[in-house]
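A.B. asks: All letters in the sequence shown, in the order written, are residues 38 to 335 by the working numbering.
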Amino acid sequence: MPDAMDRPAVTVVVPTYNRAASLARLLDALADCDAPVGGREVIVVDDGSTDATTDVVRRSQVGARYVRQANRGPAAARNAGWRLARSDVVAFTDDDTVPDRRWLVDLVGELHDRPDRAAVGGTILPLGHGFLADFVQLERLVGHSVGDGDVRYLVTANAAWRLDALRAVGGFDERFPTAAGEDVDLSLRTIARGGRLGVTDRAVVRHDHRTSLRGLLRTYHRHGMSRQVLARRHAQLGTAATAAKIASGRYWLSRYRYYREAGGAARSHAVAYLVLRAAGSLSFAVGLVRARIAGSAG
38 MPDAMDRPAV
48 TVVVPTYNRA
58 ASLARLLDAL
68 ADCDAPVGGR
78 EVIVVDDGST
88 DATTDVVRRS
98 QVGARYVRQA
108 NRGPAAARNA
118 GWRLARSDVV
128 AFTDDDTVPD
138 RRWLVDLVGE
148 LHDRPDRAAV
158 GGTILPLGHG
168 FLADFVQLER
178 LVGHSVGDGD
188 VRYLVTANAA
198 WRLDALRAVG
208 GFDERFPTAA
218 GEDVDLSLRT
228 IARGGRLGVT
238 DRAVVRHDHR
248 TSLRGLLRTY
258 HRHGMSRQVL
268 ARRHAQLGTA
278 ATAAKIASGR
288 YWLSRYRYYR
298 EAGGAARSHA
308 VAYLVLRAAG
318 SLSFAVGLVR
328 ARIAGSAG
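In structure tokens, the structure reads:
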């Protein structure tokens, strides 16, 4: 173990795969981030990229530690990163985000101010605006789940875990092969062991939301596959109630009202969002079925 005086206040872990351009943008932003008292270290885990990722990390001004592994998915990459951490706090973000200048200061500060929390999440805003990007933000496809005063789960686009809490649950489940569900599973296992989660309006990162229809539908499909896996491991995430809700006309009326009121969408945009939601729900259902078949076969 490193001497306490040599340990930074926080370790930032970034998994990456074939996104050299957006990774360069992230590393530039991290280099400009204010560091909390005690400093920070950055670990980039390359999940088998075939592009210029290695050169990007080498040229960056952030002084990141570069770790390369065979392609095993983001859960395995994050595990490889946090297990090398020299700090007591591990902050996670993705290679398609841009953190605000005070991101680390505010995120670490929230954990410091809330010693009863095992992990905290910060605010996730869209990097840019547009029809699809605004839809993704409204749907909270990249967002923490908060309801009735409780934080149900955090997403690793913007979250920090205490190192001891990660060790207690063994980190991410590497049986999640894609970027969907592994952070929800980690959150639920943390809660099951008595850990509490929190969120803060500060500690902002801006996420590059999917801006193509194909990318959006693939996201829904991945979420469907991961939801089936999650439902097998966590009883509270059963899919029957969700399916019944989506089949209700009242649900679609409530979504229209939400797009109009919360999203400020014009009528034509609200209707278009309903069409996107329906297409996404279908893609989600296909993912559920595929994961169920794969689980039965296994």
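Backbone N, C-alpha and C fix where the C-beta goes; we use that ideal spot for every residue, glycine too.
On a predicted model such as this, the values are computed, not experimentally measured, just so you know.
Buried or exposed for Pro-152, please, with buried defined as at least 16 other CB atoms from any protein chain shown within 10 angstroms of its CB.
C.D. replies: exposed
A.B. asks: Could you tell me whether the Cβ atoms of His-260 and Gly-159 are closer together than 9 Å?
C.D. replies: no
A.B. asks: Which value, in whole angstroms, describes the spacing of the CA atoms of Arg-44 and Arg-77?
C.D. replies: For Arg-44 and Arg-77, the distance between alpha carbons rounds to 9 Å.
A.B. asks: Please determine, among Val-326, Val-188 and Arg-251, the residue with the shortest C-alpha to C-alpha distance to Ile-228.
C.D. replies: Val-188
A.B. asks: Is DSSP giving His-271 helix, strand or coil here?
C.D. replies: Coil.
A.B. asks: To the nearest angstrom, how far is the alpha carbon of Val-49 from that of Ile-80?
C.D. replies: Rounded to whole angstroms, the gap between the alpha carbons of Val-49 and Ile-80 is 6 Å.
A.B. asks: Flag this pair as touching only if the stretch 56-75 and the stretch 86-104 have three or more C-beta atom pairs under 8 Å; answer yes or no.
C.D. replies: Yes, the stretch 56-75 touches the stretch 86-104.
A.B. asks: Are the Cβ atoms of Phe-129 and Val-51 separated by less than 9 Å?
C.D. replies: yes
A.B. asks: With distances taken from CA atoms, which of Val-47, Leu-64, Asp-132 and Asp-125 is nearest Asp-84?
C.D. replies: Asp-132
A.B. asks: Using DSSP with H/G/I as helix, E/B as strand and the rest coil, what is Gly-335?
C.D. replies: A caution first: Gly-335 carries a pLDDT of 48, below 50, which makes its placement in the model too unreliable to give a value.
A.B. asks: List the endpoints of the continuous alpha helix (DSSP H) containing His-149.
C.D. replies: 140-150
A.B. asks: From Tyr-293 to Leu-234, what does the alpha carbon distance come to, in whole angstroms?
C.D. replies: If you take the alpha carbons of Tyr-293 and Leu-234, they lie about 31 Å apart.
A.B. asks: From Ala-307 to Arg-255, what does the alpha carbon distance come to, in whole angstroms?
C.D. replies: Roughly 22 Å separates the two Cα atoms.
A.B. asks: State the start and end residues of the unbroken beta strand (DSSP E) segment that holds Gly-218.
C.D. replies: First-last for Gly-218: undefined, no H or E at that position.
A.B. asks: When the Cα of Asp-201 is compared with those of Ala-155, Tyr-288 and Leu-311, which residue comes out closest?
C.D. replies: Ala-155
A.B. asks: Between the stretch 233-249 and the stretch 208-220, are three or more C-beta pairs nearer than 8 Å?
C.D. replies: no
A.B. asks: For Gln-265, which residues in the same chain have their Cβ closer than 6 Å to its Cβ, ignoring the five residues on either side in sequence?
C.D. replies: Leu-325, Ala-328 and Arg-329
A.B. asks: Consult DSSP for Phe-172 and reduce its assignment to one of helix, strand or coil.
C.D. replies: helix
A.B. asks: Quick test of your reading: Ala-72 and Leu-141, contact by CB under 8 Å. State the CB separation rounded to the nearest angstrom.
C.D. replies: 6 Å
A.B. asks: Could you pull the DSSP bridge partners for Arg-44 from this structure?
C.D. replies: Paired residues: none, contrary to the question.
A.B. asks: Quick one: what's Glu-78 bridged to in DSSP?
C.D. replies: Thr-48
A.B. asks: Determine, using beta carbons only, whether Glu-176 and Ala-113 come nearer to each other than 9 Å.
C.D. replies: Not in contact: Glu-176 and Ala-113 (Cβ atoms no closer than 9 Å).
A.B. asks: Got a sec, what are the start and stop residues for the alpha helix (DSSP H) Ala-114 sits in?
C.D. replies: 111-119
A.B. asks: Of the choices Trp-289, Gly-146, Ile-283 and Tyr-190, whose alpha-carbon is the least far from that of Phe-321?
C.D. replies: Ile-283
A.B. asks: Give me the Cβ distance between Val-192 and Val-179, rounded to the nearest whole Å; I'm assuming they're in contact under 8 Å.
C.D. replies: 6 Å
A.B. asks: What number of angstroms, rounded off, separates the C-alpha of Met-38 from the C-alpha of Ile-161?
C.D. replies: Because Met-38 sits at a pLDDT of 45, beneath the cut-off of 50, its placement in the model cannot be relied upon, and the following sentence gives the value as read from the coordinates. Using only the alpha carbons, I get a separation of about 34 Å.
A.B. asks: Between Pro-111 and the rest of its own chain, which residues show a CB-CB distance below 6 Å, the 5 nearest in sequence each way excluded?
C.D. replies: For Pro-111, where only same-chain residues beyond five positions count, the Cβ hits under 6 Å are Pro-52 and Ala-216.
A.B. asks: Following the continuous beta strand (DSSP E) through Tyr-54, name the residue where it begins and the one where it ends.
C.D. replies: Run containing Tyr-54: none; DSSP gives neither H nor E here.
A.B. asks: Tell me the DSSP bridge mates of Tyr-190?
C.D. replies: Paired residue(s): Ser-182.
A.B. asks: Under a three-way DSSP split, which group does Asp-207 fall into?
C.D. replies: The residue you asked about is not Asp; residue 207 is Gly in the sequence shown. Here Gly-207 sits in coil by DSSP.
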